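Scroll down for the structure; my scribbles are underneath it.
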Amino acid sequence: MSGLKRGYFHSLLVVPVIALFCLGKVYSNELVIGTTFSPESLSYLITEWEKQPNAASIRMLNRTSSSLNKLFDDEKNDNIDLVLSSSPMLFYHLQEKQRLAAFPDKFSQGKKFVPEILQKTTVAFSLSGCGIFSNVALLENAEVDVPTDWSGLISPNLQGLVIMSSPSRSDTTHIMIEALLQKQGWQQGWALIHQVMANVGTISSRSFGVVDKVQAGLGAAGITIDNYANLLTHYNVDPHSVLIFKYFPNFPVSPTFIAITTNSTNSRQASAFIHFLLSNSGQSTLYHSKMGKYPIIPLAKSHPLYATQQFLFSQPTIDYQLMLKRQEVVKLMFEHQIIHRLAQIQENWKILYQKEQQAGHPLPELREIL
Numbered sequence: 031m032s033g034l035k036r037g038y039f040h041s042l043l044v045v046p047v048i049a050l051f052c053l054g055k056v057y058s059n060e061l062v063i064g065t066t067f068s069p070e071s072l073s074y075l076i077t078e079w080e081k082q083p084n085a086a087s088i089r090m091l092n093r094t095s096s097s098l099n100k101l102f103d104d105e106k107n108d109n110i111d112l113v114l115s116s117s118p119m120l121f122y123h124l125q126e127k128q129r130l131a132a133f134p135d136k137f138s139q140g141k142k143f144v145p146e147i148l149q150k151t152t153v154a155f156s157l158s159g160c161g162i163f164s165n166v167a168l169l170e171n172a173e174v175d176v177p178t179d180w181s182g183l184i185s186p187n188l189q190g191l192v193i194m195s196s197p198s199r200s201d202t203t204h205i206m207i208e209a210l211l212q213k214q215g216w217q218q219g220w221a222l223i224h225q226v227m228a229n230v231g232t233i234s235s236r237s238f239g240v241v242d243k244v245q246a247g248l249g250a251a252g253i254t255i256d257n258y259a260n261l262l263t264h265y266n267v268d269p270h271s272v273l274i275f276k277y278f279p280n281f282p283v284s285p286t287f288i289a290i291t292t293n294s295t296n297s298r299q300a301s302a303f304i305h306f307l308l309s310n311s312g313q314s315t316l317y318h319s320k321m322g323k324y325p326i327i328p329l330a331k332s333h334p335l336y337a338t339q340q341f342l343f344s345q346p347t348i349d350y351q352l353m354l355k356r357q358e359v360v361k362l363m364f365e366h367q368i369i370h371r372l373a374q375i376q377e378n379w380k381i382l383y384q385k386e387q388q389a390g391h392p393l394p395e396l397r398e399i400l
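Residue numbering for the sequence shown is 31 to 400, as defined by the numbering used here.
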């Protein structure tokens with residue numbers, strides 16, 4: 031066979047293969063979700079979705095917020111169809127890069143808890159509250175009451191027993207730090223953060239690692255959100271459990287957001303997945319003990335989680351514009367003024383506690399210096 035004929039037949043073979051590949055890519059029955067949540071925290075939701083008629087299978091890419099953001103700088107971006115996270119900063123950056131598709135009005139139900147600046151591209155389908163996850167046995171050993179607020183974490187008896195993540199690694203932690211700064215004010219907020227950090231024994235690489243470390247006895251109290259705690263406490267149903275979660279009072283909630291990407295090759299299934307999340311069936315999935323979240327649709331008054339959901343509904347809203355405006359400043363402040371100086375901060379407070387114990391009373395002059 032001549033070279034010309036061989037080339038001709040080769041092209042005949044290649045073209046159908048390319049066509050099949052392209053068709054497979056466009057009409058793939060797989061949804062790819064880029065998320066900042068741990069796979070374990072979403073596995074039950076995915077299982078329930080895949081029980082739906084004609085539902086696409088789901089592949090999850092678990093990344094930090096910054097990693098997901100960078101992933102979208104690449105045109106391929108692993109063919110992500112949906113972004114699912116509690117980080118409004120992530121959705122804002124992706125929206126600015128025109129990586130998120132506009133939502134039709136049919137999803138208006140999911141926009142109630144979405145910042146106005148994101149409402150064209152993003153919906154919320156669940157809520158989580160912020161607070162403290164505690165190991166009661168370790169607190170009793172330290173002779174400390176179960177903390178219910180940031181100020182409950184500053185006891186000298188808690189040195190080395192507090193666990194939290196860093197805002198540079200966890201946008202959930204960033205939101206909680208920012209909410210505290212907005213509530214307390216810039217100066218008083220940072221002063222309280224410094225004092226809490228004096229007791230931190232472990233800085234978790236991710237926010238969902240906080241509860242695991244508290245459960246393992248590596249710390250007595252950890253700053254986190256309720257859904258990770260609820261996976262272990264089952265919504266605090268056991269009053270005798272050594273693990274307990276307490277909400278911060280008068281503190282913003284953390285909605286879970288989702289958006290369809292502009293490059294989604296399966297936008298119809300992506301839209302169907304969001305419909306499922308906002309449906310009665312999807313919403314009831316959220317408060318299962320394997321999920322630990324709260325739905326945005328109001329529960330019946332007779333429901334055991336009704337009171338807590340109403341509590342979350344009543345919490346103040348964070349100033350998203352202010353948070354977005356100073357997000358890099360807050361991260362840098364935390365890293366350079368706290369993380370890089372953590373050993374010195376903890377040593378200074380340790381010396382202060384010793385001097386106050388010797389004096390038999392607080393030493394406000396020294397506290398102001400710290």
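Backbone N, C-alpha and C define an ideal beta-carbon position, used for all residues, glycine too.
Quantities reported herein were computed from a predicted structural model and do not represent experimental measurements.
Residue i, enclosing beta strand (DSSP E) - first and last residue
i	result
M25	Given a span of 31 to 400 for the chain in the structure shown, any question on residue 25 remains unanswerable.
V113	112-115
Y74	Unbroken run through Y74 is the alpha helix (DSSP H), 69-79; no beta strand (DSSP E).
P285	284-290
L91	87-92
S164	160-165
S234	230-234
L273	273-277
Cβ-based neighbour list, residue i, same chain, cut-off 7 Å, excluding 5 preceding and 5 following
i	result
Y317	K323, Y324, P325, L335
K55	Bear in mind that the predicted position of K55 carries a pLDDT of just 41, short of 50, making it too unreliable to give a figure here.
D349	Q212
D268	none
L191	L168, A172, N229, G231, G249, A250, A251
Among the options, the one whose alpha carbon lies nearest that of residue i
i	options	result
I233	I253, S87, M206, M119	I253
K142	S284, H270, L91, V174	S284
T178	S314, E386, I274, T347	I274
S198	M90, T315, S96	S96
Q409	F137, G64, Q299	Nothing can be reported for residue 409, as the shown portion of the chain is limited to 31 through 400.
S73	E60, A85, R89, N84	R89
V272	S185, A167, G161	A167
G161	H333, N280, R397, S301	N280
H366	V241, G215, K320, W220	W220
Q351	A209, I255, T292	A209
F278	D111, V176, E126, S319	V176
I110	F364, G64, F341	G64
Unbroken alpha helix (DSSP H) run spanning residue i, endpoints
i	result
K361	357-363
E398	394-399
F341	336-343
G219	216-227
K150	No alpha helix (DSSP H) holds K150; DSSP gives it neither H nor E.
T263	256-263
E60	Per DSSP, E60 belongs to no alpha helix (DSSP H); it is in the beta strand (DSSP E), 60-65.
S195	Element bounds for S195: not the alpha helix (DSSP H) but the beta strand (DSSP E), 192-195.
W2	The displayed coordinates of the chain run from 31 to 400. Any statement about residue 2 would go beyond what the structure contains.
Nearest-angstrom Cα separation, counted from residue j out to residue i
i	j	result
A172	N187	6 Å
L53	I290	Legend: pLDDT at L53 = 40, less than 50; position of this residue unreliable, no value from coordinates given.
Q374	H224	11 Å
V153	I288	6 Å
F51	Y265	Residue confidence is low: F51 scores 38 on pLDDT, short of 50, so the model does not pin down where it sits. No coordinate-derived value is stated.
F133	Q139	12 Å
R129	N99	10 Å
P346	S158	13 Å
R356	I147	16 Å
T67	T202	According to the sequence as given, residue 67 is Phe; it is not Thr. Whole-angstrom Cα-Cα distance: 10 Å.
F137	T286	15 Å
L329	L101	37 Å
K150	N92	25 Å
W216	P118	21 Å
R236	S71	13 Å
Y57	S311	Residue placement at Y57 is poorly supported in this model, since its pLDDT is 43, which falls under 50; the coordinates are not used for a value here.
S156	E78	16 Å
P145	K276	26 Å
S309	F303	10 Å
D242	Y258	9 Å
A251	G182	10 Å
L307	K361	32 Å
K380	P69	39 Å
H370	L169	28 Å
H391	I184	16 Å
L222	I368	12 Å
S332	V62	37 Å
A337	Q214	27 Å
I207	E60	37 Å
I327	H305	13 Å
Nonlocal neighbours in the same chain, by C-beta distance under 6 Å from residue i, ignoring five residues either side
i	result
N378	L400
L396	L382
Q376	A228
G33	With a pLDDT of only 49 at G33, under the threshold of 50, the placement of this residue in the model should not be trusted; the figure read from the coordinates follows. Excluding positions up to five away in sequence, the list is empty.
Same chain only: Cβ atoms within 8 Å of residue i, ignoring 5 sequence neighbours per side
i	result
L393	L382, K385, E386
Q245	N165, L262, L273
Proximity test, residue i beta-carbon vs the ligand ADP heavy atom, cut-off 7 Å
i	result
K276	Summarising the ligand content, the structure contains no ligands, and the ligand ADP is consequently not present.
- Cβ contact (3+ pairs, closer than 8 Å) linking the region 107-126 and the region 216-231: no
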